[in-house]
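Start counting the sequence shown at 11; every next residue gets the next number (the working numbering).
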Amino acid sequence: MSFDESIQRVKRAELALDASTRKVTDHWQQLRQTWRDAWTPGRIVIAGIASGFVVGRGELPTATGSGFINLVSAVSSLFAIDQAGEVAEVAGDAVDQAQQVAEAADAGGAIAEDEEPVRAYEALRRSGAW
11 MSFDESIQRV
21 KRAELALDAS
31 TRKVTDHWQQ
41 LRQTWRDAWT
51 PGRIVIAGIA
61 SGFVVGRGEL
71 PTATGSGFIN
81 LVSAVSSLFA
91 IDQAGEVAEV
101 AGDAVDQAQQ
111 VAEAADAGGA
121 IAEDEEPVRA
131 YEALRRSGAW
């Protein structure tokens, strides 16, 4: 085999490689476009539900019932947060009323005879904040 024949052989191989590269690139673009077209919104939702089910089945609690306990804990903490907000509101009202009574006493006036401060104190005591 002469040197010129070797050069011709390499050129043919390069042309064949270029043709194969173009062919693979075209096929890859066609596959990518087909893949994107196949993902309709309905299929995406179904795939999400199916994958969520599979992941959920893999993470099922054992016979200890820890999932139920976690649910009850989360719900009870929500109620505790709500109750704490109510107590904080009552405490804020009691502080405002106590300041008004203190200002009236400092001004030399008689302490107001309304029983709002007493009611606020009793509400705080009953709620457990005092």
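Glycine included, every Cβ here is placed at the ideal spot set by N, Cα and C.
Determine the direct distance from the alpha carbon of residue j to that of residue i, and round the result to whole angstroms.
i	j	result
A98	V111	20 Å
G95	V82	20 Å
D92	A101	14 Å
D28	T35	10 Å
E113	L134	21 Å
R136	A90	16 Å
I54	R67	20 Å
W49	Q39	16 Å
S61	W45	18 Å
P51	H37	25 Å
I59	D47	20 Å
L41	V64	27 Å
A26	E15	16 Å
Between which two residues does the alpha helix (DSSP H) containing residue i stretch?
i	result
S137	126-137
W38	13-48
Touch test, the stretch 127-136 against the stretch 98-117, Cβ-Cβ under 8 Å, three pairs minimum: yes
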